[in-house]
Amino acid sequence: MYKEVNEHGYYGIYGGAYIPEMLQKNVDELRVKYLEITQDSSFKAEFEDLMRNYVGRPTPLFHAKKLSAKYGFKIYLKREDLCHTGSHKLNNVIGQALLAKRLGKKKIIAETGAGQHGVASATAAALLGLECTVIMGELDMQRQQPNVMRMKMLGAEVIPATTGTKTLNDACNEAIRYWMSNNENTHYLLGSVVGPHPYPDMVAKFQSIISEEIAKQLLNLEGRSHPDAILACVGGGSNAAGAFYHFIDDQRVALYGAEAGGCGPDSGKTAATLTIGTDGIIHGFKTILMQTEDGQVCDAHSISAGLDYPGVGPLHAHLHSTRRGVYLPINDEEAIKAAFELTREEGIIPALESSHALALLPKLKMKPTDIVVVNLSGRGDKDMATYIEVMNNM
Numbered sequence: 000m001y002k003e004v005n006e007h008g009y010y011g012i013y014g015g016a017y018i019p020e021m022l023q024k025n026v027d028e029l030r031v032k033y034l035e036i037t038q039d040s041s042f043k044a045e046f047e048d049l050m051r052n053y054v055g056r057p058t059p060l061f062h063a064k065k066l067s068a069k070y071g072f073k074i075y076l077k078r079e080d081l082c083h084t085g086s087h088k089l090n091n092v093i094g095q096a097l098l099a100k101r102l103g104k105k106k107i108i109a110e111t112g113a114g115q116h117g118v119a120s121a122t123a124a125a126l127l128g129l130e131c132t133v134i135m136g137e138l139d140m141q142r143q144q145p146n147v148m149r150m151k152m153l154g155a156e157v158i159p160a161t162t163g164t165k166t167l168n169d170a171c172n173e174a175i176r177y178w179m180s181n182n183e184n185t186h187y188l189l190g191s192v193v194g195p196h197p198y199p200d201m202v203a204k205f206q207s208i209i210s211e212e213i214a215k216q217l218l219n220l221e222g223r224s225h226p227d228a229i230l231a232c233v234g235g236g237s238n239a240a241g242a243f244y245h246f247i248d249d250q251r252v253a254l255y256g257a258e259a260g261g262c263g264p265d266s267g268k269t270a271a272t273l274t275i276g277t278d279g280i281i282h283g284f285k286t287i288l289m290q291t292e293d294g295q296v297c298d299a300h301s302i303s304a305g306l307d308y309p310g311v312g313p314l315h316a317h318l319h320s321t322r323r324g325v326y327l328p329i330n331d332e333e334a335i336k337a338a339f340e341l342t343r344e345e346g347i348i349p350a351l352e353s354s355h356a357l358a359l360l361p362k363l364k365m366k367p368t369d370i371v372v373v374n375l376s377g378r379g380d381k382d383m384a385t386y387i388e389v390m391n392n393m
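Position one of the sequence shown corresponds to residue 0 (numbering that gives the first Met the number 0), numbered consecutively onward.
Below, the structure is given as structure tokens:
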């Protein structure tokens, strides 16, 4: 079994909880209660109702006929971009916000890179009557102004992280510091399969609704409940964990993750963690991360504000180290090319994160009868400033 953590919160040698004493009480409370609460029938009923009637699930599984003809195998797109707020992020956020209320918390703190998790968090807080503070890198706030304004319109306080590269890694650092100072009535609503146990397991389980739907939809469309391969982008790795989840222990399904190669893995401007990283500890968990020989975390770079994270979720580190999953770097130019290809072939503008997954298609060697599912994790509205800049330079 690859997808289940052990009693200490490890996938193989990755995971665990490396936290300061001030957060021990909060993390222990979450570890002890989250499975009990989320497996309660009334919690499940409320979560499933909101997934169906608020988020808009199930999302479609779309047969991309022109892309299929171009690449020579059958390609389906899992349309997470059609979720309310424009990405897969709301699946996990609704689950954690409901959990926070049952834990008696009044406020949520969240970090965000591209802004999608921040918008989802602010949305859930507005819906469920929680206070919301979002930490976002100052550079990311400039790159993702529309999402910053959405968060504020939804009533969230948005605080810039002004240290380091002023991107997602720095926002995570600041969010943990904020939580340490406000730990009594605040739930830290982590957006990816990262952080101390039980966050990676909890977020993966909330996002597993994606692969659960894929299996049911393929059975209806193709007469079988599994594809031959699933493709997803990986920063921290929440959408990939959700798309892989029900197929991880099924060896008939190949799992492909697209890392953000940036300007190239050897360029010094990259976020290809699994390609060049080594074992280490970041943000409360053991994983593979980009670091110097003396353990200093390296700055990450990607054209996508949602993928420039120097580490990766422990589930993905485990799948990579055991060779159950294949993770390949996609550079910025390849991602842009894939985004424009999908736009012009199928009339769908993808998020820059999703375009990394799409850029894996020309690298696959599949048979004409094979079925490949690409998880389209988010829509491209938020990235229009980058796309416009590219078009102006064509």
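Every residue, glycine too, gets a C-beta built ideally from N, C-alpha and C.
In chain order, which beta strand (DSSP E) runs of at least 3 residues are fully inside the region 230-289?
Along the length of the region 230-289, whole beta strand (DSSP E) runs at least 3 residues long occupy 253-261, 277-281 and 284-288, reported in chain order.
With DSSP run on the structure shown, which of helix, strand or coil describes residue 1?
Taking the sequence shown and counting its residues from 1, one reaches residue 1 at position 2. In this structure, residue 1 counts as coil in the three-state DSSP scheme.
Proximity winner among 157, 356, 8 and 297, relative to residue 107 (alpha-carbon distances)
For the purposes of this step, residue 107 is identified with residue 108 of the sequence shown, where counting begins at 1. Of the listed residues, the one whose Cα sits closest to residue 107 is 157.
For residue 16 and residue 35, what's the separation of their Cα atoms in angstroms?
Locating residue 16 in the sequence shown gives position 17, counting from the first residue. Locating residue 35 in the sequence shown gives position 36, counting from the first residue. In this model, residue 16 and residue 35 are separated by some 20 Å (Cα to Cα).
By a C-beta neighbour count over all protein chains shown, 10 Å radius and 16 as the cutoff for buried, is residue 181 buried or exposed?
Here the question's residue 181 lines up with position 182 in the sequence shown. Residue 181 is exposed by the Cβ-count criterion.
Using 8 Å as the Cβ pair cut-off and three pairs as the minimum, do the region 301-315 and the region 6-14 touch?
Contact between the region 301-315 and the region 6-14 is present, because at least three Cβ pairs lie under 8 Å.
Which residue or residues does DSSP assign as beta-bridge partners of residue 207?
Counted from its first residue, the sequence shown places residue 207 at position 208. DSSP lists no partner for residue 207.
Tell me the start and end of each unbroken alpha helix (DSSP H) in the region 120-192 that is at least 4 residues and wholly inside, in chain order.
List check, alpha helix (DSSP H) in window: 137-142, 144-152 and 167-180.
Count the other CB atoms, across all protein chains shown, that sit within 10 Å of the CB of residue 6; report buried if there are 16 or more and exposed otherwise.
Indexing the sequence shown from 1 puts residue 6 at position 7. Residue 6 is exposed by the Cβ-count criterion.
DSSP state of residue 63 mapped onto helix, strand, coil
Residue numbering aside, residue 63 sits at position 64 when the sequence shown is read from its first letter. If DSSP states are grouped into helix, strand and coil, residue 63 belongs with coil.
Spatially closest choice to residue 368 from 27, 73, 42 and 32, by CA coordinates
Reading the sequence shown from its first residue, position 369 is the one you call residue 368. Residue 73 holds the alpha-carbon nearest to the alpha-carbon of residue 368 among 27, 73, 42 and 32.
For the region 293-358, which segments carrying the beta strand (DSSP E) assignment without a break, of at least 3 residues, lie completely within its bounds, in sequence order?
Entirely contained in the region 293-358, the beta strand (DSSP E) runs reaching 3 residues are, in chain order, 324-330.
At the level of alpha carbons, what is the spacing between residue 196 and residue 284?
Here residue 196 is taken as the residue at index 197 of the sequence shown, counted from 1. Here residue 284 is taken as the residue at index 285 of the sequence shown, counted from 1. Looking at the two C-alpha atoms, the distance is approximately 8 Å.
Assuming residue 104 contacts residue 186 (C-beta within less than 8 Å), just tell me the rounded distance between them.
Taking the first residue of the sequence shown as 1, we reach residue 104 at position 105. Taking the first residue of the sequence shown as 1, we reach residue 186 at position 187. Yes, they are in contact, since the Cβ atoms of residue 104 and residue 186 sit about 4 Å apart, within 8 Å.
Look at the alpha carbon of residue 111 and the alpha carbon of residue 179, and state the distance between them as a whole number of angstroms.
Counted from its first residue, the sequence shown places residue 111 at position 112. Counted from its first residue, the sequence shown places residue 179 at position 180. Rounded to whole angstroms, the separation of the alpha carbons of residue 179 and residue 111 is 18 Å.
Taking the Cβ atom as the reference point for each residue, do residue 242 and residue 233 lie within a distance shorter than 7 Å?
For this step, residue 242 is matched to residue 243 along the sequence shown. For this step, residue 233 is matched to residue 234 along the sequence shown. For residue 242 and residue 233, no; Cβs fall outside 7 Å.
For the candidate residues 138, 100 and 85, whose alpha-carbon lies nearest to that of residue 119?
Reading the sequence shown from its first residue, position 120 is the one you call residue 119. Here the closest residue by C-alpha is 85.
Measure the Cβ-Cβ separation of residue 133 and residue 99 and say whether it is below 7 Å.
Taking the sequence shown and counting its residues from 1, one reaches residue 133 at position 134. Taking the sequence shown and counting its residues from 1, one reaches residue 99 at position 100. For the pair residue 133 and residue 99, the CB atoms are not nearer than the 7 Å cut-off.
I'd like the list of long-range same chain contacts for residue 291, defined as Cβ closer than 8 Å, with 5 residues on each side in sequence excluded.
Here residue 291 refers to the residue found at position 292 when the sequence shown is read from its first residue. Same-chain partners within the cutoff: 297.
Three Cβ pairs or more, each shorter than 8 Å: is that satisfied between the region 373-380 and the region 348-364?
The region 373-380 is in contact with the region 348-364.
Determine the contact status of residue 217 and residue 307, defining contact as a CB-CB distance below 7 Å.
As a position in the sequence shown, residue 217 is number 218, starting the count at 1. As a position in the sequence shown, residue 307 is number 308, starting the count at 1. Residue 307 is positioned such that its CB atom lies no closer than 7 Å to that of residue 217.
Let me check you understand the geometry: is the CB of residue 248 closer than 6 Å to at least one non-hydrogen atom of the ligand COA?
This structure lacks the ligand COA, and indeed carries no ligand of any kind.
Let's see if you can read the secondary structure: which residues bound the beta strand (DSSP E) around residue 76?
As a first step, residue 76 is located in the sequence shown; it is residue number 77 there, counting from the start. It spans 73-78 - the beta strand (DSSP E) in which residue 76 sits, taken as one unbroken run.
If you pair each beta-carbon of the region 264-275 with each one of the region 335-350, do three or more pairs fall below 8 Å?
They do not touch, by the three-pair rule.
What first and last residue would you give for the alpha helix (DSSP H) that runs through residue 26?
Position 27 of the sequence shown, counted from the start, is the residue given in the question as residue 26. Looking at the DSSP string, the run of the alpha helix (DSSP H) that includes residue 26 is 20-37.
How many whole angstroms separate the CB atoms of residue 142 and residue 334, which I take to be in contact at a CB cut-off of 8 Å?
In the sequence shown, counting from the first residue as 1, residue 142 sits at position 143. In the sequence shown, counting from the first residue as 1, residue 334 sits at position 335. No, residue 142 and residue 334 are not in contact; Cβ-Cβ is about 15 Å, not under 8 Å.
Local Cβ density within 10 Å of residue 148, reported as buried at 16 or more and exposed below that:
Taking the sequence shown and counting its residues from 1, one reaches residue 148 at position 149. Burial is judged here by how many other beta carbons sit within 10 angstroms of a residue's own beta carbon; residue 148 has fewer than 16 and is exposed.
Under three-state DSSP, which class holds residue 376?
For the purposes of this step, residue 376 is identified with residue 377 of the sequence shown, where counting begins at 1. In the three-state reduction of the DSSP assignment, residue 376 falls in the coil class.
Distance CB(residue 255)-CB(residue 325) smaller than 7 Å
By one-based count along the sequence shown, residue 255 stands at place 256. By one-based count along the sequence shown, residue 325 stands at place 326. For residue 255 and residue 325, yes; Cβs fall inside 7 Å.
Alpha carbons only, please: which of 301, 366 and 245 is nearest the one belonging to residue 264?
On the sequence shown, position 265 is the one that residue 264 refers to. That would be 301, whose Cα lies nearest to the Cα of residue 264.
For residue 394, which residues in the same chain have their Cβ closer than 8 Å to its Cβ, ignoring the five residues on either side in sequence?
The shown model of the chain, from 0 to 393, leaves out residue 394, and the question about it has no answer.
What residues in its chain sit with their C-beta under 6 Å from that of residue 80, if we drop five residues either side in the sequence?
Counting from one through the sequence shown, the residue named residue 80 turns up at place 81. If we look at residue 80 and ignore the five residues flanking it on each side, its Cβ neighbours are 375, 377 and 378.
Please list, in chain order, all residues of the same chain as residue 75 whose beta carbon is under 6 Å from its beta carbon, the five residues on each side excluded.
Sequence index remark: in the sequence shown, residue 75 carries index 76 (1-based). For residue 75, same chain residues with a beta-carbon under 6 Å away, outside a window of 5 residues either side, are 60, 62 and 372 in chain order.
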